[in-house]
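Colleague:
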Amino acid sequence: MSRKSRLSVSRPITRRSFSAGAAALAALAAGGSPLRRALAAKPVKLGCLAPLSGFFAREGQACKRGFDLAPAILADMGMPIEIMMGDTESNPDRARTAAEKLVNEGAEVLIGTFVSGETTAVAQVAEQRGVPHVINIAAAPKITEQGYKFVFRNFTTGPMLVINGFGLMKDLFKATGSTPKTAVFMHVNDTFGKAMGGGVKALFPKMNMPFEISTTIPYDPKAKDLSVEVAKAKATGADILMPVSHGADAIKLIREMVKQRWEPMGIMTPGSPGTYEAQFYKTLGKYSEFVIANVPWIDPKTDMSKTLLAAFAKEFPKESPELNVGFSFEACLIAADAYKRAGSGDPKALADALRATNITEHVMIGGPIQFNEKGQNVNIKSAALQNLDRKPTVVLPEASAEAKPVFPMPGWTDSRRA
Amino acid sequence: MRGVGAVLRGAPRAATGLAVLGAALLVAPLLVDDYLLSVILITLYFAFVGQAWNLMMGYAGQLSLGHALYVGLGGYAAAAFFVHFGLTPWAGMVIGILVAAAFAAGIGLLAFRFGIGGVYFALLTIAVAEFTRILFEHFEWVGATGGFFLPVENREINDLLMLRGSPAMFYYVILAMTVGLFLANVALIRSRMGYYWMAIREDQDAAQALGINTFRYKMMAVVLSASLTALGGVFLAFYNNNLFPIDAFGIHRSIEIILAPIIGGLGTLFGPILGAFILTPLGEVLTWALDQLGVQMAGVKHLFYGLVLLVIIRSLPGGVWPWFARRLGIEGPEARP
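These protein sequence lines are chains L and Z, in that order.
First residue of the first sequence? That's 4 in this note's numbering, and the numbers climb one at a time after it.
First residue of the second sequence? That's 4 in this note's numbering, and the numbers climb one at a time after it.
1. Secondary structure at Arg317 of chain Z, three-state DSSP: helix, strand or coil?
2. Residues of chain L with CB closer than 7 Å to the CB of Ser41 of chain Z, please, in chain order.
3. Tell me the residue span of the alpha helix (DSSP H) that contains Asn167 of chain L.
4. Nearest chain Z C-beta to Leu55 of chain L closer than 8 Å, yes or no?
5. At what residues does the alpha helix (DSSP H) containing Phe241 of chain Z begin and finish?
6. Residues in the same chain with beta-carbon distance under 7 Å from Ile177 of chain Z, minus the five sequence neighbours each way, listed in chain order, please.
7. Output, in chain order, the set of chain L residues within a Cβ distance shorter than 9 Å of His305 of chain Z.
8. From the DSSP output, in three-state form, read off Asp90 of chain L for me.
9. If you check the beta carbons only, do Phe315 of chain L and Leu72 of chain L fall under 8 Å apart?
10. Taking Asp36 of chain Z as the query, report the chain L residues whose CB atoms sit under 7 Å from its CB, ordered along the chain.
11. Got a sec: which bits of the region 145-164 of chain Z sit with their beta carbon under 8 Å from any beta carbon on chain L, in order along the chain?
12. Determine the burial state of Pro320 of chain L: buried for a count of at least 16 other Cβ atoms within 10 Å of its Cβ, exposed for fewer.
13. With 16 other CB atoms within 10 Å as the buried threshold, where does Gln299 of chain Z fall?
14. Whole angstroms are fine: how far does the CA of Arg358 of chain L sit from the CA of Ile220 of chain L?
15. What does the alpha-carbon distance come out to for the pair Gln131 of chain L and Pro273 of chain L?
16. Residue range of the alpha helix (DSSP H) that Pro248 of chain Z falls in?
17. Given 8 Å as the limit, is there contact between the region 365-374 of chain L and the region 171-187 of chain L, that is, 3 or more CB pairs closer than that?
18. Is there a Cβ from chain L that is less than 8 Å from the Cβ of Ile45 of chain Z?
19. When the Cα atoms are used, what is the spatial distance from Gly115 of chain L to Gly329 of chain L?
20. Determine, using beta carbons only, whether Pro170 of chain Z comes closer than 8 Å to chain L.
21. Which residues bound the alpha helix (DSSP H) around Lys351 of chain L?
22. Tell me the residue span of the beta strand (DSSP E) that contains Leu244 of chain L.
23. Let's see if you can read the secondary structure: which residues bound the alpha helix (DSSP H) around Ala50 of chain Z?
24. Can you name, in chain order, every residue of its own chain whose Cβ lies under 6 Å from the Cβ of Phe247 of chain Z, other than the five neighbours on each side?
25. Below 8 Å between beta carbons: does that hold for Gly69 of chain Z and Ile129 of chain Z?
26. By the criterion of Cβ-Cβ separation under 9 Å, what are the contact partners of Lys2 of chain L in chain Z?
27. Beta-carbon within less than 7 Å of Leu201 of chain Z's beta-carbon, same chain only, minus the 5 sequence neighbours each way: which residues are those?
28. Counting only beta-carbon atoms, is Asp250 of chain Z nearer than 8 Å to chain L?
29. Distance cutoff 8 Å, beta carbons only. Does Phe280 of chain Z sit that close to anything in chain L?
30. Ignore the nearest five residues each way along the sequence and tell me which others in Thr268 of chain L's own chain have a CB closer than 8 Å to its CB.
31. Output yes or no for whether 8 Å exceeds the beta carbon distance between Leu234 of chain Z and Ile100 of chain Z.
32. Check whether the Cβ of Phe238 of chain Z lies closer than 8 Å to any Cβ atom in chain L.
33. Contact defined as beta carbons within less than 8 Å: I believe Ser119 of chain L pairs with Ala143 of chain L. What is the distance between those atoms, to the nearest angstrom?
34. So with CB distances below 9 Å, who are the chain Z contacts of Gly277 of chain L?
35. Taking Cβ positions only, does Ser85 of chain Z come closer than 8 Å to chain L?
36. Using a Cβ-Cβ cut-off of 8 Å, state whether Pro213 of chain L counts as contacting chain A.
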């Protein structure tokens with residue numbers, strides 16, 4: 004992104020304003036009061052919390068990469084920020100004290116945390132101390148049902164994830180002209196898998212899907228192999244497999260499918276990780292191809308995303324950007340934008356500005372970032388992410404697509420997998 | 004064993020220190036900022052549950068590695084009755100205690116009746132805690148894996164009856180609970196039951212030969228310890244306003260509970276309290292020190308934390324309190340590991 008790409012203080016971020024840059028900055032300089040200009044130059048202090056150590060360290064570190072990249076990119080957009088990092092240590096008690104500490108040290112907005120229990124602890128500190136809290140990642144629906152006045156979430160809830168996932172499946176069938184008649188739903192039987200299973204059970208009948216779920220097969224997260232489960236799924240003769248997995252189990256699942264020569268029309272998760280991670284490609288090679296995951300993702304088509312992805316590639320050349328990076332960056336963007344519009348570091352003015360957020364140009368796929376009366380962004384959408392050439396590729400929605408979807412997927416021995 | 008008063012009368016420095024600490028804790032919300040208050044509050048919580056665990060392990064010699072079970076049961080029971088029926092947590096607390104006591108009685112009955120002791124008893128406590136965690140992950144009435152949330156209200160007035168209010172109110176509640184349990188422990192340890200527990204801990208066969216009903220007194224230790232831990236769970240649930248099975252019953256929670264009494268001194272009255280006042284602030288001090296040194300590497304804090312614990316355990320295997328008590332001039336059982 005050019006250094007001339009700046010944003011107007013008084014307007015929401017739009018694609019046009021983002022790329023117009025210099026002209027908007029000139030308008031700002033001409034129209035803004037000296038106080039506003041002074042405030043715009045002063046970085047807003049963001050207390051960013053993530054589980055950098057402990058059980059969720061891997062995901063917390065991914066969030067940190069998003070926070071690390073934000074200051075340079077946002078400063079370039081005329082929205083300087085200062086990151087104050089706090090480690091929640093994957094522990095809600097520690098999250099609470101870390102949030103208190105950041106507020107004491109001058110954090111004007113809290114961001115975090117990734118884990119719902121920790122996020123609730125931070126939200127309470129935010130409410131008690133009157134400091135706005137932007138949630139980057141945490142899916143428990145109840146968090147925004149508490150009547151909080153200072154809490155804003157820019158992440159999907161569990162039900163939103165399932166609804167978006169099913170919606171994309173319908174889009175995929177329409178785009179490719181192939182519609183399956185039956186599906187098998189397999190999910191890992193742990194906290195996440197059970198929650199997704201519950202969501203699918205509750206929402207599938209309401210989504211008017213063109214296929215039936217023949218059977219649901221839960222499996223043990225510590226299962227050494229999935230031969231029995233895959234044999235059972237294959238025996239149903241289902242057209243597609245909908246897995247909800249984590250990582251290693253997704254690899255075991257595909258290996259077993261190859262071994263048993265089960266070649267359904269497609270493998271598509273309604274919203275879970277496991278199939279778009281480096282280990283998946285490395286271990287499975289050609290068998291990792293064409294699997295689809297419907298998850299929130301970085302929109303490869305926006306100017307801001309391109310800037311973020313370029314910065315990521317430069318800073319972390321050996322890693323792949325993913326949704327934790329995008330949402331964490333976007334939380335900083337939301338806070339910086341609100342600070343700029345508020346024209347003040349006053350918590351109430353900041354909260355009011357956050358409530359009025361309307362960011363049309365951002366990094367994650369979906370509509371403009373806007374918060375409803377509960378502080379939830381309801382415009383977040385998922386992407387259909389297909390493994391093509393050993394990397395996660397957005398194939399839907401069409402506006403963000405990097406390639407055409409391949410469905411039905413080619414068989415295990417098909418030359419297109421080479 | 005002498006009472007605390009008697010102990011302190013013989014050690015004026017200790018009496019003065021305790022008086023100063025008591026006064027400081029009483030006025031802490033007026034003197035410290037919200038961050039420090041949250042640190043002291045969580046320290047007091049660990050002092051409370053550490054004392055509860057110490058009754059069972061430190062005095063009766065029964066090792067539980069699944070005490071988070073009772074924290075979770077107490078918290079879930081009181082929170083569920085509060086959310087679903089509007090029941091005051093003080094009444095919900097009774098239900099939580101009864102549920103925890105029933106679970107503890109079940110474990111005790113199974114273990115002591117069939118001669119399961121030592122590490123096998125410890126494994127049983129872990130197993131029941133894990134089993135209960137899985138059960139609660141499927142228990143929709145309390146939110147299952149999605150978590151159970153208490154409604155949060157930013158009240159101007161502290162409502163002690165409903166345990167809704169400011170951190171300062173919660174601070175005084177946990178302070179009263181910790182001091183109350185300490186005083187109750189003093190009385191308990193000086194009672195016939197306390198002596199029986201210590202006899203069982205030292206040599207169960209000898210205690211039995213002397214006519215002590217070891218089954219009965221071990222059961223009492225387990226049930227009492229579980230009930231008190233459940234009380235701590237009620238406090239934590241209403242302070243945090245949310246419950247997730249993994250955070251409530253997880254093995255990491257059980258380990259957190261036992262660290263303070265082990266570091267402070269097992270089987271001592273002051274040990275769990277001193278241990279909590281070492282461990283929680285130690286974590287914060289390490290965070291601060293690493294910040295000052297500009298060390299950003301995640302996990303380094305845990306490395307130092309582990310090293311400090313290693314040094315303490317290596318140099319003071321009986322815990323910090325017995326060593327500290329001797330330094331203060333306190334004699335007798337309280338100064339012995």
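For each residue, glycine too, the CB sits at the ideal point set by N, CA and C.
Just so it is clear, the structure is predicted and the values come from calculations on it, not from any experiment.
Modeller: This is what the structure gives:
1. Arg317 of chain Z: helix per DSSP, three-state reduction.
2. Ordered by position in chain L, the residues that pass the 7 Å Cβ test against Ser41 of chain Z are Arg99, Thr100, Glu103.
3. Unbroken alpha helix (DSSP H) run through Asn167 of chain L: 161-179.
4. Chain Z contact via Cβ: present.
5. Where Phe241 of chain Z is concerned, the enclosing alpha helix (DSSP H) stretches over 217-243.
6. Cβ neighbours of Ile177 of chain Z beyond the five flanking positions: Leu44, Leu47, Tyr48, Phe51, Phe238.
7. When 9 Å is used as the limit between beta carbons, His305 of chain Z is near these residues of chain L: Ser56, Gly57, Glu92, in chain order.
8. Three-state result, Asp90 of chain L: strand.
9. In this structure, Phe315 of chain L lies near Leu72 of chain L, with their beta-carbon atoms less than 8 Å apart.
10. Within chain L, the residues placing a beta-carbon under 7 Å from that of Asp36 of chain Z are Asn107, ordered along the chain.
11. For the region 145-164 of chain Z, the set of residues with a beta-carbon nearer than 8 Å to any beta-carbon of chain L comprises Gly146, Ala147, Thr148, Gly149, Gly150, Phe152, Pro154, Val155, Glu156, Asn157, in chain order.
12. Counting every other CB atom within 10 Å of its CB across the protein chains shown gives Pro320 of chain L a total below 16, marking it as exposed.
13. Gln299 of chain Z is exposed by the Cβ-count criterion.
14. Roughly 42 Å between the two C-alpha positions.
15. Answer to the nearest angstrom: the Cα atoms are 37 Å apart.
16. It spans 248-252 - the alpha helix (DSSP H) in which Pro248 of chain Z sits, taken as one unbroken run.
17. Counting Cβ pairs under 8 Å, fewer than three are found: no touch.
18. Interface residue (Cβ-Cβ distance to chain L less than 8 Å): Ile45 of chain Z is classified as such.
19. In a straight line, the C-alpha of Gly115 of chain L is about 13 Å away from that of Gly329 of chain L.
20. Output row for Pro170 of chain Z: interface = yes.
21. Residue range 350-358 is occupied by the alpha helix (DSSP H) that includes Lys351 of chain L.
22. Judged by DSSP secondary structure, Leu244 of chain L falls within the beta strand (DSSP E) whose first and last residues are 243-247.
23. That run of the alpha helix (DSSP H) goes 37-57.
24. Answer for Phe247 of chain Z: Gly150, listed in chain order.
25. It is a contact, given that the beta carbons lie within the stated cut-off.
26. The displayed coordinates of chain L run from 4 to 421. Any statement about residue 2 of chain L would go beyond what the structure contains.
27. For clarity, residue 201 of chain Z is Met in the given sequence; the question names Leu instead. Its chain contains Tyr62 as the residues whose beta carbon lies nearer than 7 Å to that of Met201 of chain Z, once the 5 sequence neighbours on both sides are disregarded; these appear in chain order.
28. Asp250 of chain Z counts as touching chain L.
29. Not an interface residue.
30. A small fix is needed here, since residue 268 of chain L is Met in this sequence, not Thr. Cβ neighbours of Met268 of chain L beyond the five flanking positions: Ser181, Pro183, Asp242, Ile243, Phe410, Pro411, Met412.
31. Taking 8 Å as the cut-off, the Cβ atoms of Leu234 of chain Z and Ile100 of chain Z count as close.
32. Not closer than 8 Å to any Cβ of chain L, the Cβ of Phe238 of chain Z fails to qualify, so no.
33. That pair is a contact at about 4 Å.
34. Within chain Z, no C-beta atom comes nearer than 9 Å to that of Gly277 of chain L; the closest sits roughly 18 Å away.
35. Note that residue 85 of chain Z corresponds to Phe in the displayed sequence, not to Ser. No, Phe85 of chain Z lies away from the interface with chain L (no Cβ there is under 8 Å from its Cβ).
36. Protein chains in the displayed structure are L and Z, and chain A is not among them.
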